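Colleague: Pasting a structure below so you can have a look.
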Amino acid sequence: MESAPSSARRARHPLRHLDPADVAGSMDALVILELRISVETESAGLAAARCGAARLATMRAALSDFAQGVGTSDGTVSPDFRFHLEIAHATGNRYFVEIMEHLGMRMFPRTRLTVTPIPHDQYADYLLRVNREHEQIADAIERGDADSARTTMWLHLINSRERLRRAASSDRIKAD
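Residues 241 to 416 in the working numbering are what the sequence shown spells out, letter by letter.
Here's what the structure looks like:
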């Protein structure tokens, strides 16, 4: 049984006890996506209001790296994370950055799940579609359109959640 001081520390600092290594399955990934939807939607809006040219350039560089990595194994994961992390930095709020850094690249369902509803020959098209969603977010941030940035981020993450739900359903059907 935990002592009271340890429980009190956990209550004050819950993210320190959210171990991304524990987020291994599709249900845990769905829960993380729920968190990301709320945090990153607001992050995108704040980034649109506060982002400078240098930060926008690093976002665009991450998107370029993502596009170049589409044909390689796991070549998009790092640039995907960098893009989302740059948005957190663009908020000017260190807590958005800390949340993103804590979750790390394991916050992306495709880094942990072996089941995907997307046939191998269609995977590159899927990744290009994801990067187009990223481009729409970056465009809204560049325009300084906070409402559009929030909406495009929300749609991007909702799309991710739906793809994950389909993958989980497909996995359950195969298991039956």
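Glycine included, each C-beta is placed from N, C-alpha and C at the ideal position.
Predicted model, so just to flag it, every value in this text is computed and none were measured.
What are the start and end residues of the alpha helix (DSSP H) that includes F336?
Modeller: Note, F336: alpha helix (DSSP H), R334 to L343.
Colleague: Looking only at its own chain, which residues have a Cβ that is under 6 Å from the Cβ of E373, when we skip the five neighbours before and after it?
Modeller: Only H396 meet the Cβ criterion.
Colleague: Going by other Cβ atoms of all chains shown within 10 Å of its Cβ, with 16 needed for buried, is H342 buried or exposed?
Modeller: So H342 counts as exposed.
Colleague: Whose C-alpha, out of L368, S400, D379 and N399, is nearest the C-alpha of R300?
Modeller: Per the Cα distances, D379.
Colleague: Give me the Cα-Cα distance between F306 and G315, rounded to the nearest whole angstrom.
Modeller: Distance between the alpha carbons of F306 and G315 is about 7 Å.
Colleague: Which residue's Cα is closest to the Cα of R276: G344, L368 and N371?
Modeller: That would be G344, whose Cα lies nearest to the Cα of R276.
Colleague: Going by the beta-carbon positions, is the gap between A284 and I398 smaller than 8 Å?
Modeller: Not in contact: A284 and I398 (Cβ atoms no closer than 8 Å).
Colleague: If you follow the alpha helix (DSSP H) that T298 is part of, which residue opens it and which one closes it?
Modeller: First-last of the alpha helix (DSSP H) with T298: A293 to G309.
Colleague: Do you know whose CA, among F348, A287 and E282, lies nearest R271's CA?
Modeller: As written in the sequence, residue 271 is Val, which differs from the Arg given in the question. Minimum Cα distance to V271 is reached at F348.
Colleague: Quick check on this structure: which residue in S318, T298 and L273 has the alpha carbon closest to the alpha carbon of I381?
Modeller: Measuring from the Cα of I381, the nearest candidate turns out to be T298.
Colleague: Rank T391, C291, A288 and L303 by C-alpha distance to the C-alpha of L367 and give the top, closest one.
Modeller: The option with the nearest alpha carbon to L367 is L303.
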